[in-house]
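full-length UniProt numbering numbers the first residue of the sequence shown as 1 and each following residue consecutively.
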Amino acid sequence: MHQFIICAYDVNASEVVDDSSCALQAHEQDCFSIAIADERWLASGGEDDVAYLWDYQVSDSDPVLKIDHQDSVTNVVFNNAQTLLATGDMAGHIFVTQLSNLETRAK
Numbered sequence: 001m002h003q004f005i006i007c008a009y010d011v012n013a014s015e016v017v018d019d020s021s022c023a024l025q026a027h028e029q030d031c032f033s034i035a036i037a038d039e040r041w042l043a044s045g046g047e048d049d050v051a052y053l054w055d056y057q058v059s060d061s062d063p064v065l066k067i068d069h070q071d072s073v074t075n076v077v078f079n080n081a082q083t084l085l086a087t088g089d090m091a092g093h094i095f096v097t098q099l100s101n102l103e104t105r106a107k
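Listed below in structure tokens is the structure:
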């Protein structure tokens, strides 16, 4: 299992300070894409053909949803209203998930 850490850095600072608040573990291979919405949601997609969704109102370490794809997940994106998550893979499949109930609305 790979671990990826999301850090925020001040590009104007003279030195890099790692102030990361957590490390998320889920993907079995490299992570290709991440998206953050509303300081609540974090989504990731990876080479292991899976997209994961975390809800920080539920847990800061375990994903609340695993979306299986047929190929590497290269894109994860939230809509502007932050009500939907779209995940896309290298095979051309796009899944759209409703965040209010975590159900996939379209494949």
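We put the beta carbon where it would ideally sit given N, CA and C, even for glycine.
Am I right that residue i and residue j are in contact with their C-beta atoms under 8 Å? What's the rounded C-beta distance?
i: S100; j: T83; result: 7 Å
i: V76; j: S44; result: 6 Å
i: W41; j: D55; result: 6 Å
What residue from the options has the CA that sits closest to residue i's CA?
i: L69; options: H27, E15, S61, W41; result: For the record, residue 69 in the displayed sequence is His; it is not Leu. When only C-alpha atoms are compared, the closest one is H27.
i: Q29; options: Y52, E15, A13; result: Y52
i: A91; options: D49, E15, N80, F32; result: D49
i: S33; options: S72, N12, A81; result: S72
i: L102; options: N80, I67, A81; result: I67
Which residues in the same chain as residue i place their Cβ atom closer than 6 Å to its Cβ, once the five residues preceding and following it in sequence are excluded?
i: F78; result: A35, A37, L85
i: G88; result: N75, I94
i: A13; result: none
By Cβ distance below 8 Å, which residues in the same chain neighbour residue i in space, the five residues on each side in sequence not counted?
i: M105; result: The amino acid at residue 105 is misidentified as Met; the sequence shows Arg. Hits under 8 Å: L84, V96, T97, Q98.
i: Q57; result: R40
- beta strand (DSSP E) runs wholly inside the UniProt repeat "WD" (24-55), at least 3 long, in chain order: 31-37, 41-46, 50-55
- Residue ranges of each beta strand (DSSP E) run of no fewer than 3 residues wholly in the region 61-89, ordered along the chain? 65-68, 73-78, 84-89
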